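Trainee: For the sequence shown, my numbering begins at 3 and goes up steadily by one.
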Amino acid sequence: MDLIHLDQPYRNTPFQGHHLHTRPLAAAMGAEVLDTDVRTLSDDAFDELQQALFHHKMIYLRNQSLTPDDQAQFTLRFGEFGTDAYTTGLPGYPDVQPVVKEAQTKSKMIFGGGWHTDSAFLEEPPSISLLYGVEIPPYGGDTTWYNTALAYESLTPAMRAMLAPLKVHMSGIKVVNSMRKLAKDAAGMDAMGDIQLELDIQAMIDGHFHPLIRRHPISGEVALYCDDVYAQGIEGMTEYEARPLLNFLVAHITQEIFCCRLRWEANMLVLWDNRICLHRAFNDYDGFRREMHRTTVKGERPLGLSA
Ligand code: SIN
Numbered sequence: 003m004d005l006i007h008l009d010q011p012y013r014n015t016p017f018q019g020h021h022l023h024t025r026p027l028a029a030a031m032g033a034e035v036l037d038t039d040v041r042t043l044s045d046d047a048f049d050e051l052q053q054a055l056f057h058h059k060m061i062y063l064r065n066q067s068l069t070p071d072d073q074a075q076f077t078l079r080f081g082e083f084g085t086d087a088y089t090t091g092l093p094g095y096p097d098v099q100p101v102v103k104e105a106q107t108k109s110k111m112i113f114g115g116g117w118h119t120d121s122a123f124l125e126e127p128p129s130i131s132l133l134y135g136v137e138i139p140p141y142g143g144d145t146t147w148y149n150t151a152l153a154y155e156s157l158t159p160a161m162r163a164m165l166a167p168l169k170v171h172m173s174g175i176k177v178v179n180s181m182r183k184l185a186k187d188a189a190g191m192d193a194m195g196d197i198q199l200e201l202d203i204q205a206m207i208d209g210h211f212h213p214l215i216r217r218h219p220i221s222g223e224v225a226l227y228c229d230d231v232y233a234q235g236i237e238g239m240t241e242y243e244a245r246p247l248l249n250f251l252v253a254h255i256t257q258e259i260f261c262c263r264l265r266w267e268a269n270m271l272v273l274w275d276n277r278i279c280l281h282r283a284f285n286d287y288d289g290f291r292r293e294m295h296r297t298t299v300k301g302e303r304p305l306g307l308s309a
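1) Looking at the secondary structure, which residues open and close the beta strand (DSSP E) in which Glu241 lies?
2) Anyone know if the C-beta pair for His118 and Val272 falls short of 7 Å?
3) Specify, as a first and last residue, the run of the beta strand (DSSP E) that Leu273 falls within.
4) Looking at Ala283 and the ligand SIN, is the gap between the Cβ and the nearest heavy atom below 6 Å?
5) Could you tell me which residues DSSP puts in a beta bridge with Pro100?
6) Using the C-alpha atoms, what's the distance from Gly32 back to Thr240?
7) What does the Cβ neighbour count give for Ser44, buried or exposed, with the cut at 16 atoms within 10 Å?
8) Confirm the yes/no value for this check: CB of Thr145, any heavy atom of the ligand ZN, distance under 6 Å.
9) Thinking C-beta only, is Thr297 closer than 7 Å to Gln52?
10) Alpha carbon to alpha carbon, how far is Leu27 from Cys279? Give it in angstroms, no decimals.
11) Cβ of Arg303 within 7 Å of Cβ of Glu126?
12) Determine the contact status of Phe123 and Met206, defining contact as a CB-CB distance below 7 Å.
13) Just to confirm, does Gly114 get its C-beta within under 6 Å of one of the non-hydrogen atoms of the ligand SIN?
14) From which residue to which residue does the alpha helix (DSSP H) around Ser180 run?
15) Excluding the 5 residues preceding and the 5 following Ile203 in the sequence, name in chain order all residues of the same chain whose CB lies nearer than 7 Å to its CB.
16) Could you tell me whether any non-hydrogen atom of the ligand SIN is closer than 6 Å to the CB of Val101?
17) Does the separation of the CB atoms of Leu307 and Ile236 fall below 7 Å?
18) Would you check if the stretch 131 to 148 and the stretch 258 to 267 touch, i.e. whether three or more CB-CB distances between them fall below 8 Å?
19) Quick one: residues in its chain with C-beta nearer than 6 Å to the C-beta of Ser221, no 5 flanking neighbours on either side, listed in chain order?
20) In three-state terms, what does DSSP make of His22?
21) Could you pull out every residue in the same chain whose Cβ sits closer than 6 Å to the Cβ of Asn285, ignoring the five residues on either side in sequence?
22) Quick one: residues in its chain with C-beta nearer than 6 Å to the C-beta of Asp269, no 5 flanking neighbours on either side, listed in chain order?
23) Use the C-beta contact count for Thr15: other C-beta atoms within 10 angstroms, 16 or more gives buried, fewer gives exposed.
24) Alpha helix (DSSP H) containing Thr150: first to last residue?
25) By the three-class DSSP mapping on this structure, what secondary structure does Glu258 have?
26) Alpha carbon to alpha carbon, how far is Trp274 from Arg292? Give it in angstroms, no decimals.
27) Check whether the stretch 93 to 100 and the stretch 253 to 263 touch, using three or more Cβ-Cβ pairs below 8 Å as the test.
28) Can you name, in chain order, every residue of its own chain whose Cβ lies under 6 Å from the Cβ of Ala188, other than the five neighbours on each side?
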């Protein structure tokens, strides 16, 4: 694939509010929110934090020191919790999901290890995800995000016009098949590495059809809604027709020019907007423990271009 040089300007400029400001992480997306404690945000400051999130698509804050209750309460400021399609949650906090890999665990499959947008097989996939670093390896275990709006903008008008009316089949079949392959017996389907799972396998496989080109309900930005984990077909097309197109779109989106990469610290809180970016966790820290706490916000049915 030819490397793309973007001739339109990157727009991941610093956000400057009255209550908070940001320092961009990369040209394509992502930023650190400076000098802010999410437990004590006024309503105006919270509003600016949301604006910063929609502007940068992924934001992070250092030194947050959050209990599961703090994280749950902060998440609820954005709206109801999203559906947790994978895990049972922490004891007493069903909506705070532990994402853990123990030092001695060696697993070919980790939670979030493929390029994805969260639980896209649901009718209403989560809008925003929040991930808090509890224990972080000394190196490795980074996460990368990819700006799917910028990826959309860099396509030719002819390609955009062809994609505009299409619906993508978002299904968990690839995850289920990978888990079945790795599971030694039926009980193996109850866990992914050290994470206890609670899955509705048939609902994951059936999934939903969503617009391949998605309009953000708040910012109005338009983005590709396609990933490597859940995008499994295109409505009205054979597998033979759809697969090369989906492969092209994933290869296009996941180029470094659309990406930011975060090196985690303990007590760091990251938020991202699933409607407008993909992400992927690295499985490169065998021998070290990594523990994260994850919450999600309920999203809407994805909107197409005509919405
Ligand atoms: C996720 O996909 O939500 C997890 C990402 C990570 O563990 O870095």
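All residues carry an ideal CB built from backbone N, CA and C; glycine is no exception. Keep in mind the model is a prediction, meaning the values are calculated, not measured.
Mentor: To lay it out plainly:
1) It is not in any beta strand (DSSP E) - Glu241 instead sits in the alpha helix (DSSP H) that spans 241 to 255.
2) no
3) Where Leu273 is concerned, the enclosing beta strand (DSSP E) stretches over 271 to 275.
4) Because some heavy atom of the ligand SIN lies under 6 Å away, the Cβ of Ala283 counts as near it: yes.
5) His295
6) 36 Å
7) So Ser44 ends up on the exposed side.
8) As presented, the structure is devoid of the ligand ZN, carrying the ligand SIN as its sole ligands.
9) no
10) 15 Å
11) yes
12) yes
13) For the ligand SIN, at least one heavy atom lies less than 6 Å from the Cβ of Gly114.
14) 175 to 184
15) In chain order, Val178 place their CB closer than 7 Å to the CB of Ile203, counting only its own chain and leaving out the 5 sequence neighbours on each side.
16) Placement of the Cβ of Val101 at a distance of less than 6 Å from at least one heavy atom of the ligand SIN is found.
17) The answer is no: Cβ separation not under 7 Å.
18) yes
19) Phe56
20) It should be noted that the sequence gives Leu, not His, for residue 22. DSSP places Leu22 in coil when its eight states are reduced to three.
21) Ile112, Gly115
22) For the record, residue 269 in the displayed sequence is Asn; it is not Asp. Counting only Cβ-Cβ distances below 6 Å, and skipping sequence neighbours, we find Asn65, Gln66, Ser67.
23) exposed
24) 150 to 155
25) helix
26) Roughly 20 Å separates the two Cα atoms.
27) no
28) Low confidence applies here, because Ala188 scores a pLDDT of 45, under 50, leaving its location unreliable; read the following figure in that light. There are no such residues.
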